[in-house]
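Asks: Numbering (the working numbering), first residue to last: 365 to 565. Virtual Cβ for every residue (Gly too), placed ideally from N, Cα, C. Below is a structure I'd like to ask you about.
Quick look at the structure:
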């Protein structure tokens, strides 16, 4: 829930979470979170969603279950996570320790005109996640909290959820690749799951 807590700059937050973590599989929600992840440095393990609103956490869950030796970080927005709120219950039921979901919560629907989202009207996403069974569900509202989260994203016995209170700003867009096939194929290569050409029918 966005309140009168200190607010952080989104690009600085994402850069801090991803610093030195080129090994991560990162799933970014559509819009500003994808621009933020790309601005922090494009890598083969980054998969940007372009229109699957509400699906980022579920894509992350699928990858975490399929790749239990890989750490998977979902970075998405409050509007996107609100649309996929039921997915938190599925994550809570599966609870893989190699999955972390970070919601960049500016209290607005940034892609449709900056209308207030439910998190600025009383919805507490960390409380919802906790109620869905994700025991390690956090509010982050200052730089110390971001630094602590960056050091401990995958140290819980189960999944981690964090809602980070942000300024409602709109940095210049940093556009990642838009071709879904290119993004899919490079992620497969990064994960070592690319099939040889002879196996494709």
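When you compare the CB positions of residue 558 and residue 464, do they come within less than 8 Å of one another, or not?
Replies: If you number the chain shown from 1, residue 558 lands on position 194. If you number the chain shown from 1, residue 464 lands on position 100. Not a contact, by the Cβ cut-off of 8 Å.
Asks: Report the three-state DSSP secondary structure of residue 480 (helix, strand or coil).
Replies: In the chain shown, residue 480 corresponds to position 116, counting from 1. Three-state DSSP puts residue 480 in a strand.
Asks: From residue 435 to residue 407, what does the alpha carbon distance come to, in whole angstroms?
Replies: Reading the chain shown from its first residue, position 71 is the one you call residue 435. Reading the chain shown from its first residue, position 43 is the one you call residue 407. If you take the alpha carbons of residue 435 and residue 407, they lie about 15 Å apart.
Asks: Pull up the distance between the alpha-carbon of residue 461 and that of residue 423, whole angstroms please.
Replies: Locating residue 461 in the chain shown gives position 97, where the first residue counts as 1. Locating residue 423 in the chain shown gives position 59, where the first residue counts as 1. Spanning the two alpha carbons is a distance of roughly 15 Å.
Asks: Measuring alpha carbon to alpha carbon, tell me which residue in 413, 442, 506, 439 is nearest residue 394.
Replies: As a position in the chain shown, residue 394 is number 30, starting the count at 1. With distances taken between Cα atoms, residue 394 lies closest to 413.
Asks: Counting only the same chain and skipping the five closest in sequence on each side, list residues whose C-beta sits under 7 Å from that of residue 471.
Replies: By 1-based counting over the chain shown, the position of residue 471 is 107. 366, 442, 480, 481, 483, 484, 532.
Asks: Among 454, 411, 504, 495, which one has its Cα closest to the Cα of residue 552?
Replies: As a working mapping, residue 552 is identified with position 188 in the chain shown. The candidate whose alpha carbon is nearest that of residue 552 is 411.
Asks: Would you call the region 486–494 and the region 439–455 in contact, with 3 or more CB pairs under 8 Å?
Replies: yes
Asks: Give the secondary structure of residue 518 by DSSP, where H, G and I count as helix, E and B as strand, and everything else as coil.
Replies: Here residue 518 corresponds to residue number 154 of the chain shown, with the count starting at 1. Of the three classes helix, strand and coil, the one that applies to residue 518 here is coil, per DSSP.
Asks: Quickly, what does DSSP pair residue 372 with across the bridge? List them, please.
Replies: On the chain shown, position 8 is the one that residue 372 refers to. 530, per the DSSP bridge assignment.
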